[in-house]
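What follows is a single structure, written as structure tokens, with notes after it.
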């Protein structure tokens, strides 16, 4: 069934792929951007582009009212190099300030606009890459809580993610915990650091991450929209892996030298506690629920295949 789908944040790395896939499946798409300069890009993708400030309740309400959608997809973030600068794990609370606001205030504005216009279903972006809670097995599920990052600089960002999940699920929608996105320019900043040998292995590299190609993340999102999915889903590939496996492999795929190794005490001193635990203690995630309930099939079941064909 053809739907009118509103994509908040449609000009981002994932938003663009999502818009393309929705249009290809026959849906009528309205997508937002924060700048008029990207309206042409959205038009080329087949969407009606509108400028919206996700932190302005009036702007959000007016644009959603104009679109009159059947479903809303929340893909707003501000983690690009142009918006947030280079990734800064040591000062994550500062680097993620605007993104955290979009996950709290922005989510609330979209929910209010949905209620005002009678939109019954929302799908929102959450995160599940290296933030699995540090206890139990190495692959967490949508039923497991995320690491609350208590007493770390990631605490505010973790709270913002919890807010998204709680209010979206309460409203009858779906929160999609995307793994680490790669492909189509998604990790250019990380690849640059790897090529400069500024992305080292920490300690034994025993911390797990989960990855997902941006095209696979988009296809899962389309299914969540079409099936009116409810609840929390981990949108990751089949192979959560420790840093000691994926980081050297990614370096090889992009033609870089093997990453240096640094001890945990030095990593904590230079990059902070979050970076140290990310590389040594974190858990990955399982996609079993997304496959079972959404009927999701991955083009890239493993980062090994994806990094080889299209790492960035």
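In the UniProt record's numbering, the protein residues as written are 1 to 312. Don't be surprised by glycine CBs; every beta carbon is placed ideally from N, CA and C.
Limits of the alpha helix (DSSP H) - the one that residue i falls within
{"i": "residue 186", "result": "Looking at the DSSP string, residue 186 is not in any alpha helix (DSSP H), and its letter there is neither H nor E."}
{"i": "residue 72", "result": "Here residue 72 belongs to no alpha helix (DSSP H); instead the beta strand (DSSP E) covers 71-74."}
{"i": "residue 249", "result": "243-253"}
{"i": "residue 274", "result": "273-280"}
{"i": "residue 101", "result": "97-101"}
{"i": "residue 314", "result": "Residue 314 lies beyond the residue range present for the chain, which begins at 1 and ends at 312; the question has no answer from this structure."}
Length of the line joining the Cα atoms of residue i and residue j
{"i": "residue 19", "j": "residue 27", "result": "9 Å"}
{"i": "residue 160", "j": "residue 101", "result": "8 Å"}
{"i": "residue 13", "j": "residue 109", "result": "22 Å"}
{"i": "residue 173", "j": "residue 165", "result": "9 Å"}
{"i": "residue 155", "j": "residue 266", "result": "22 Å"}
{"i": "residue 84", "j": "residue 77", "result": "Residue confidence is low: residue 84 scores 46 on pLDDT, short of 50, so the model does not pin down where it sits. No coordinate-derived value is stated."}
{"i": "residue 124", "j": "residue 223", "result": "13 Å"}
{"i": "residue 25", "j": "residue 288", "result": "25 Å"}
{"i": "residue 299", "j": "residue 239", "result": "13 Å"}
{"i": "residue 169", "j": "residue 293", "result": "16 Å"}
{"i": "residue 5", "j": "residue 33", "result": "15 Å"}
{"i": "residue 145", "j": "residue 130", "result": "13 Å"}
{"i": "residue 1", "j": "residue 291", "result": "21 Å"}
{"i": "residue 157", "j": "residue 96", "result": "7 Å"}
{"i": "residue 48", "j": "residue 68", "result": "12 Å"}
{"i": "residue 142", "j": "residue 213", "result": "19 Å"}
{"i": "residue 236", "j": "residue 179", "result": "5 Å"}
{"i": "residue 175", "j": "residue 126", "result": "6 Å"}
{"i": "residue 115", "j": "residue 162", "result": "21 Å"}
{"i": "residue 286", "j": "residue 65", "result": "37 Å"}
DSSP state of residue i mapped onto helix, strand, coil
{"i": "residue 65", "result": "helix"}
{"i": "residue 120", "result": "coil"}
{"i": "residue 30", "result": "strand"}
{"i": "residue 224", "result": "helix"}
{"i": "residue 196", "result": "coil"}
{"i": "residue 297", "result": "coil"}
{"i": "residue 153", "result": "coil"}
{"i": "residue 48", "result": "strand"}
{"i": "residue 312", "result": "coil"}
{"i": "residue 135", "result": "coil"}
{"i": "residue 8", "result": "strand"}
{"i": "residue 260", "result": "coil"}
{"i": "residue 129", "result": "coil"}
{"i": "residue 55", "result": "coil"}
Residue from the options with nearest C-alpha to residue i
{"i": "residue 282", "options": "238, 135, 270, 10", "result": "135"}
{"i": "residue 197", "options": "238, 25, 268, 252", "result": "252"}
{"i": "residue 11", "options": "52, 149, 128, 229", "result": "52"}
{"i": "residue 113", "options": "291, 71, 237", "result": "71"}
{"i": "residue 189", "options": "210, 141, 36, 312", "result": "312"}
{"i": "residue 307", "options": "57, 171, 142, 184", "result": "184"}
{"i": "residue 182", "options": "162, 29, 310, 209", "result": "310"}
{"i": "residue 167", "options": "151, 121, 209", "result": "121"}
{"i": "residue 59", "options": "208, 261, 43, 8", "result": "8"}
{"i": "residue 271", "options": "105, 74, 17, 153", "result": "153"}
{"i": "residue 99", "options": "74, 36, 118, 117", "result": "74"}
{"i": "residue 42", "options": "63, 15, 263", "result": "15"}
{"i": "residue 200", "options": "214, 262, 208, 162", "result": "262"}
{"i": "residue 193", "options": "234, 177, 227, 248", "result": "248"}
{"i": "residue 273", "options": "36, 257, 150", "result": "150"}
{"i": "residue 36", "options": "104, 105, 50", "result": "50"}
{"i": "residue 303", "options": "65, 275, 250", "result": "250"}
Endpoints, the beta strand (DSSP E) within which residue i is located
{"i": "residue 304", "result": "Looking at the DSSP string, residue 304 is not in any beta strand (DSSP E); the run it does join, the alpha helix (DSSP H), is 303-309."}
{"i": "residue 234", "result": "231-235"}
{"i": "residue 212", "result": "211-213"}
{"i": "residue 256", "result": "No beta strand (DSSP E) contains residue 256, which DSSP labels as neither H nor E."}
{"i": "residue 146", "result": "Run containing residue 146: none; DSSP gives neither H nor E here."}
{"i": "residue 283", "result": "Segment: none, residue 283 is in no beta strand (DSSP E) and carries neither H nor E."}
{"i": "residue 176", "result": "174-178"}
Counting Cβ pairs, one atom from each stretch, are 3 or more of them under 8 Å apart for the segment 209-226 and the segment 7-21? Yes, the segment 209-226 is in contact with the segment 7-21.
Would you call the segment 197-210 and the segment 237-252 touching, i.e. three or more CB-CB distances under 8 Å? Verdict: yes, contact present.
Three-pair Cβ contact test at 8 Å for the segment 130-145 versus the segment 282-302: Touching, yes.
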